[in-house]
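Some notes on the structure that comes next.
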Amino acid sequence: MTLEDFSRQWFNQLDAPTARTLERALEGHDITTAEAEALLTVRGRELLALLLVADELRRRTVGEVVTYVVVQNINFTNICTMRCRFCAFSRLPSDPQGYCMTPSEVAECAAGAAQAGASEICLQGGIHPKLYLYDYCALLRAIKQRAPQLHLHAFSPFEVWQAARHSGRSVEDTLKALRDAGLDSMPGTAAEILDDEVRPRLAPNKLSASQWVEVITAAHRLGIPTTATILYGHIETPRHQAAHLALLRQIQQQTGGFTEFIPLSFVHQNTPLYRGGEARPGATGLEDARIYAVARLMFQHVIPNIQVSWVKLGAKFAQFCLNAGANDFGGTLFSESISRSAGAVHGEYMPEQEFHRLIRDLGRIPARRSTTYDLLEVFDGVSAGV
Ligand code: SF4
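Per the numbering used here, the sequence shown starts with residue 13, numbered consecutively.
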């Protein structure tokens with residue numbers, strides 16, 4: 013049997029609905045929410061075909077460069093009264109393990125990161141009951157004063173929502189004040205699953221799906237780009253995942269403000285949700301691979317960048333998912349407390365050399381990027397310094 017015969021026979025044995033969806037995606041059609049839901053359950057031969065198609069669409073959309081960003085994460089406070097059930101990071105104000113960094117401490121840390129080569133500070137914390145819009149602006153200003161060259165990627169939609177409420181300001185005014193204080197872009201975290209059936213079971217005190225959309229679209233209208241995320245592998249089903257992807261696609265078609273999509277695999281070990289017996293113990297490897305691949309198909313015309321979260325997946329499986337539709341390796345992350353508190357065992361820092369090794373092992377080209385995906389340096393093997 014020739015390889016051509018083998019591959020024809022192999023593809024002919026795919027189940028008909030999967031084959032039809034993959035063919036439509038390859039022809040450049042948007043897949044529907046129902047098709048995405050079906051793809052989120054495939055296994056065996058159909059899964060392998062999905063991965064091949066996702067990888068092909070990745071190649072057509074962004075080519076062979078795999079990007080990463082040199083970033084310092086600063087989780088400036090772990091004090092939070094929201095008690096999200098998937099979170100093991102937060103501490104109540106009375107807890108001796110609670111902390112809240114001052115603006116000058118945050119600026120000191122950021123200045124050190126800038127000296128070490130970081131281009132971005134990612135600043136997020138708990139919902140501290142005593143922080144007001146003024147305090148969030150003070151953090152941004154303190155960093156910009158010490159290291160004006162740093163891109164400030166800061167505050168989840170929930171932090172923005174709470175800052176607005178605490179301060180009696182509209183979301184739009186709050187975002188304008190943050191932007192004037194130095195905010196360059198925002199993480200699209202706190203999305204979890206954008207479904208108001210699921211959200212109350214995950215995080216009863218968190219903003220609703222429509223409130224999340226309100227903050228994100230207001231940011232995009234003001235020219236503040238954001239990432240888009242999903243937290244999966246807990247109590248949600250493929251139906252919720254597919255609807256979440258469809259909503260993100262719809263927002264992006266309207267605003268164009270998402271820089272990338274980042275699937276976040278639930279780290280279950282230390283969370284009340286898992287310990288209370290309500291959540292499954294995280295996604296399996298196949299669920300992880302499927303969500304990257306289906307995201308590539310869903311977003312093929314609207315979100316070119318799909319990021320692997322190596323802190324949650326581990327560097328080795330993250331490397332594999334770069335063959336499942338993803339094209340960005342995320343950040344070097346000098347420090348990240350949220351996943352580690354939940355039980356993630358994968359480090360808090362990966363040097364650029366290790367990114368290069370893993371990317372070159374894929375037969376692809378490493379490139380350091382800015383937060384908004386400008387290529388700062390392409391290590392194409394000729395000019396490679398590291
Ligand atoms: S996820 Fe964020 S808002 Fe929820 S408890 Fe943890 S720190 Fe607080």
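Where is the CB? At the ideal position from N, CA and C, for every residue including glycine.
Inset, instruction - Return the bridge partner residues of V77 from the DSSP annotation. - result: According to DSSP, V77 shares a beta bridge with I377.
Inset, instruction - Report, in whole angstroms, the separation of the C-beta atoms of S197 and T238, which I expect to be a contact under 8 Å. - result: Contact holds; Cβ gap of about 6 Å.
Legend entry - Under the three-state DSSP convention, the category D340 falls into: In the structure shown, D340 sits in a strand (DSSP, three-state: E or B).
Inset, instruction - Look at the Cβ atom of L195, then the Cβ atom of I133, and state whether they are nearer than 8 Å. - result: No, Cβ-Cβ distance for L195 and I133 is not below 8 Å.
Inset, instruction - Return yes when at least one heavy atom of the ligand ADP lies under 7 Å from the C-beta of F101, else no. - result: The model depicted lacks the ligand ADP and carries the ligand SF4 instead.
Inset, instruction - Go through its chain and collect everything with a Cβ distance to P115's Cβ below 6 Å, but skip five positions before and after it. - result: In its chain, beyond the 5 residues on either side, A150, L151 and A154 have a beta carbon closer than 6 Å to the beta carbon of P115.
Legend entry - Distance, D208 Cα to L259 Cα: The C-alpha of D208 is placed about 13 Å away from the C-alpha of L259.
Inset, instruction - Kindly list the residues whose CB is nearer than 8 Å to the CB of L374, restricted to its own chain and excluding five residues on each side of it in sequence; keep chain order. - result: Answer for L374: V78, Q331, L334 and N335, listed in chain order.
Inset, instruction - Answer with buried or exposed for Y146, where buried requires no fewer than 16 other C-beta atoms within 10 angstroms of its C-beta. - result: In the assembly as shown, Y146 is an exposed residue. Its beta-carbon has fewer than 16 other beta-carbons within 10 Å.
Inset, instruction - Return helix, strand or coil for H368, following the three-state DSSP convention. - result: Helix at H368.
Legend entry - DSSP three-state assignment for Q21, whether helix, strand or coil: The DSSP-derived three-state label of Q21 is helix.
Inset, instruction - Check each candidate in P212, A130 and K142 and name the one with the smallest Cα separation from P160. - result: Minimum Cα-Cα distance from P160 among the listed residues P212, A130 and K142 corresponds to A130.
Inset, instruction - With a cut-off of 8 Å on the beta carbons, I'd call P378 and T73 a contact; round off their distance for me. - result: About 18 Å separates the Cβ atoms of P378 and T73, ruling out a contact at the 8 Å cut-off.
Legend entry - Nonlocal neighbours in the same chain, by C-beta distance under 7 Å from P29, ignoring five residues either side: Within the same chain, P29 has close Cβ partners A50.
Inset, instruction - Check whether the Cβ atoms of M310 and A215 lie closer than 8 Å to each other. - result: Not in contact: M310 and A215 (Cβ atoms no closer than 8 Å).
Inset, instruction - Confirm, please, whether the CB-CB distance from V227 to P169 is below 8 Å. - result: Going by C-beta atoms, P169 is nearer than 8 Å to V227.
Legend entry - Selection from L104, L164, A254 and L60 that minimises the alpha carbon distance to A123: The shortest C-alpha separation from A123 is found at L164.
Inset, instruction - Closer than 6 Å by C-beta to G138: which residues in its own chain qualify, once you throw out the five before and the five after it? Chain order, please. - result: Taken in chain order, the residues that qualify are T89, N90, I91, C92 and S102.
Legend entry - Limits of the unbroken alpha helix (DSSP H) element including H178: For H178, the uninterrupted alpha helix (DSSP H) run begins and ends at P169 to S179, by DSSP.
Legend entry - Bridge-paired residues (DSSP) for C149: C149 pairs with nothing; no bridge assigned.
Inset, instruction - Please go through the same chain and pick out, in chain order, the residues whose beta-carbon is closer than 7 Å to the beta-carbon of V314, but skip the five residues on each side of it. - result: Counting only residues of its own chain and dropping the five nearest sequence neighbours on each side, V314 has a CB closer than 7 Å to the CB of R261, Q264 and Q265.
Legend entry - Selection from R308, H140, Y361 and P105 that minimises the alpha carbon distance to G40: For G40, the closest alpha carbon among the candidates R308, H140, Y361 and P105 is that of R308.
Inset, instruction - Assign F270 to one of three DSSP states: helix, strand, or coil. - result: Of the three classes helix, strand and coil, the one that applies to F270 here is strand, per DSSP.
Legend entry - Residue nearest to R233 in terms of C-alpha spacing, selected from G268, Q136 and E117: Selected option, being the one with the closest Cα: G268.
Legend entry - heavy atom of the ligand SF4 below 7 Å from F170 C-beta: Using a cutoff of 7 Å, the CB of F170 counts as near the ligand SF4, since one of the ligand's heavy atoms is closer than that.
Inset, instruction - Figure out for me which residue from R36, N24 and C121 has the closest Cα to the Cα of V65. - result: From the listed residues R36, N24 and C121, the smallest Cα separation to V65 is found for R36.
Legend entry - Terminal residues of the alpha helix (DSSP H) in which C121 lies: C121 -> alpha helix (DSSP H) spans P115 to Q127.
Inset, instruction - Could you name each continuous alpha helix (DSSP H) segment of 4 residues or more that falls completely within the segment 208-260, going from the start of the chain to the end? - result: As far as the segment 208-260 is concerned, its whole alpha helix (DSSP H) runs of at least 4 residues are 211-214 and 221-233.
Inset, instruction - Find the nearest neighbour of Y304 within the set V82, L60, L26 and A31, judged by alpha-carbon distance. - result: Minimum Cα distance to Y304 is reached at L60.
Legend entry - According to DSSP, residues forming a beta bridge with N85: Paired residues: C134.
Inset, instruction - Look up C99 in the DSSP assignment and say whether it is helix, strand or coil. - result: Of the three classes helix, strand and coil, the one that applies to C99 here is coil, per DSSP.
Legend entry - Assigned secondary structure, P199 (DSSP; H/G/I helix, E/B strand, else coil): Note: P199 maps to coil in three-state DSSP.
Inset, instruction - From the DSSP output, in three-state form, read off V320 for me. - result: Reduced to three states, the DSSP call for V320 is coil.
Inset, instruction - Tell me whether R177 counts as near the ligand SF4, meaning its Cβ is closer than 7 Å to at least one heavy atom of that ligand. - result: No - the ligand SF4 has no heavy atom lying nearer than 7 Å to the Cβ of R177.
Inset, instruction - Tell me where the alpha helix (DSSP H) around V390 begins and ends. - result: Residue range L387 to V390 is occupied by the beta strand (DSSP E) that includes V390, with no alpha helix (DSSP H) assigned at that position.
Legend entry - S395 versus A327: straight-line alpha-carbon distance, rounded: Here the model assigns S395 a pLDDT of 48, short of 50, so the residue's position is not dependable and the matter cannot be decided.
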